[in-house]
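According to my numbering, the sequence shown is numbered sequentially starting from 10. Virtual Cβ for every residue (Gly too), placed ideally from N, Cα, C. Computed from a predicted structure; not experimentally measured. The structure under discussion appears below in the form of C-alpha cells.
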Amino acid sequence: MLKVIDYAMTGIFAAEMLTKILAVGFALNGQSSYIRNGWNVLDFVIVMSSVAGLLPGVEKISFLKALRMLRILRPLRLISRNKGLKLSIMSLIASIPDIANLMLIVFFFLFMMGILGTTLFCGKFYRCHTDAMIAEEASKHLHARHDYGVNLDVIRTNLDCLNYGGEWINPDLNFDTTMQSVLTLATIQTTEGWISVMWDSVDSVGQGEEPVRNANRVYIFLYITLIVLLCLLFLNLFVGVVIDTFNKEKTRLTLNHMLKPMERQWLEVQILAYSGRPVVYIKEAQPTVGWFRNQMIRLTNNPAFDSFIMICILLNTLVLGIVWYDMSEGVKGVLAVFNYVFMVVFTLECIFKLIAMKCAYFKDGWNRFDFVVVVGTAVVLVISWIPAIGLDLGMQATLVRILRILRVLRIVKRARQLKIIVETIMEALPALASLGTLLMLFIFLFTIVGI
C-alpha cells in the first residue's frame, strides 16, 4: 500500500515539474526559466531522486541506492509554497555570515574561560570510589555524595584511596586540559550537567586530594555568571542576529528598502490609522433614554468605577491564589465567601454595562470575555447547588477558575507599557508560527534519517 502511494506521489510531482517546464522552458528562456529558480532546482533534485529510486534493480547499484536518500527532502517542497516559511529559510541562510562571526566571538570567550578553568581546576575533580570497606567501618565514616559511589571521610589523598582498595576516578566533565575545559563549557552552555560541574568545583581542594564538601562556595558565583553569559546573553545574540536578518529580508521582499524615511513614516502612520479601532463610548444625560439608564451610563463612564473593578480583579486573583494542600474547612469557607462577593460584584458590573451600552456592550472584546466568565461561573454554581442533578463539574469548575484568573489581563488596557509588549507579541505570532513550522519540518526530516 505504501509503495503504491509512493508511486502515485512521485507521478504527481513529476507531472507538476513537466508542466512547469513546458510552460516556462527548462533553461534557455531567460530569467523565467524553470531551472533558474532556486526553489525549482530543489524540486527538480527531489523529483529526479524519487524517480531514480523507483527504477528496477536500484538496490544493486550503490550510487542510485544512495541517491534514494534524497527522497527525505520531499517535505522541503512545502517551503517553496509558503511565503512565511520561504522568508524564514531565506533569513536563516542570509544570517549565516553574521552567525559565523558571532560563533567566533563565542568560541574565543569559551577558550578564555577554558584557560581560566584549567588554571583553577586542573586535576582537582578526582575523587575516591570504593566498596571495599567493611560495612561497620563504612557506617561510621562514609556519606553519599554525587553519583560516583561512596566517599570516605577517612580518605584524604589519592594514596589513601588506593591503600583502602578504592579507585581514583575523574568525572567526564572536567578542566584537566584546555580543550577539555572548552568542551565542558560548551556542555554547560546547553544547561545540561552544569550543576554537577559546579558542585565538583565547589568541593575541589587540590590535585591528588579528596574533595571536601562546600570547600569553596565562592565558585557558585562564577558558574552563575557563566550561565548568564553563555545561556542568556550569547543565545539572545544569536536570536537577535536572525531576527534582524528576518526584518531586513522582509523589507527587501516588500520593496520597503526603496522608500525614503519620510515615505516610510507616512506608511507607518497610515497602517496605524487603519489598524485602530474606535472606542465604544455612550454619552450620558441623553434625552431619548430613561433616567435609570442615564444613571448607569454615568456610573460606567466614571473612572472611579473602572478603578474599583480593577482593584476587585486583583483582589480576586489574590484570593484564588490562596490555596494549599490539606486546607482547613474554616479557611475554605472564608475563601468561598470572598469568591461569592467578587462574583456578585462582577455580575453587577456586567448588568450595569449591559443596561448602559445595550448591544454595543458586545463590540468590545474584554466585555465579551467578562460576559462568558460571569455566565460560566453562574452556571457552574447553580448546577453545584442543585443536589438532584448530581453532576461532577471538576473539569468545568477548573476551566471557569482559569478564566477568572485571566481577568487580571485587563490591566493591560490601563498599563501602556504592558499594552505595547502584548501588541508586539501579537504582531510577532505569524513569524513565530512560520519559524515553529520550519523547526518541526527539520525535526521531521531528521526523524526520517534516524529511522
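Of the listed residues the options, nearest to residue i (C-alpha basis)
i	options	result
V115	A365, S58, F243	F243
L324	G174, R416, G39	R416
D185	S213, I411, N303, M18	S213
I197	V251, L231, I457, I434	L231
D253	S97, R302, V384, V381	S97
N217	V251, I204, E176, V191	One detail in the question is off: residue 217 reads as Gly in this sequence, not Asn. Ranking the options by Cα distance to G217, first place goes to E176.
S58	I124, W203, D15, E219	D15
Y135	V221, D52, S104, F35	V221
F255	T446, L418, I102	I102
H138	G126, T128, D169	D169
N167	I320, E219, T127	E219
R90	I360, G330, V60, G47	G47
V350	A282, T386, F378	T386
I420	M449, C359, I320	I320
V383	L363, I430, N110	L363
N348	Q274, G459, I414	I414
M190	I229, G132, C131, G123	Residue identity check: residue 190 is Ser in the sequence provided, not Met. If we check each option's Cα against that of S190, G123 comes out closest.
I21	L448, W300, V60	V60
A17	L63, I229, N110, S41	L63
T326	Y283, L268, L418, R307	L418
R165	G215, M267, G34, I457	G215
Inter-residue spacing [alpha-carbon to alpha-carbon] between residue i and residue j
i	j	result
L454	I55	14 Å
K259	S443	13 Å
D209	L241	23 Å
F120	F355	60 Å
F317	N311	10 Å
V340	V332	9 Å
V388	L246	50 Å
N49	F451	20 Å
P180	V206	9 Å
R226	W203	15 Å
V248	T433	16 Å
D315	F380	16 Å
L171	I178	11 Å
T128	V237	22 Å
L125	M188	12 Å
Y461	A224	This structure cannot speak to residue 461, because the chain is shown only from 10 to 460.
T263	L239	35 Å
F117	V250	18 Å
G39	R45	8 Å
D335	L329	16 Å
N303	A313	17 Å
L281	M26	43 Å
P439	V431	14 Å
A24	C368	55 Å
M352	M271	52 Å
G132	L192	16 Å
G459	E338	56 Å
L448	G299	60 Å
A463	T28	No answer is possible for residue 463: the residues shown for the chain start at 10 and end at 460.
Residue environment, residue i, which counts as buried when at least 16 other CB atoms sit within 10 Å
i	result
H152	Per-residue confidence for H152 stands at a pLDDT of 45, beneath the threshold of 50, marking its modelled position as unreliable; the derived number appears in the next sentence. Per the 10 Å Cβ criterion, exposed.
T234	exposed
I322	buried
N183	buried
K92	exposed
M305	buried
M366	buried
D52	buried
M112	exposed
K428	exposed
E358	buried
Y43	buried
F130	buried
I360	exposed
V163	exposed
T199	exposed
K12	exposed
L31	exposed
Beta bridge counterpart(s) of residue i as assigned by DSSP
i	result
I21	In DSSP, I21 forms no bridge with anything.
W177	C137
E218	T166
How do the segment 328–348 and the segment 370–378 stand: do at least 3 beta-carbon pairs fall below 8 Å, yes or no? Cβ pair count under 8 Å is below three, so no.
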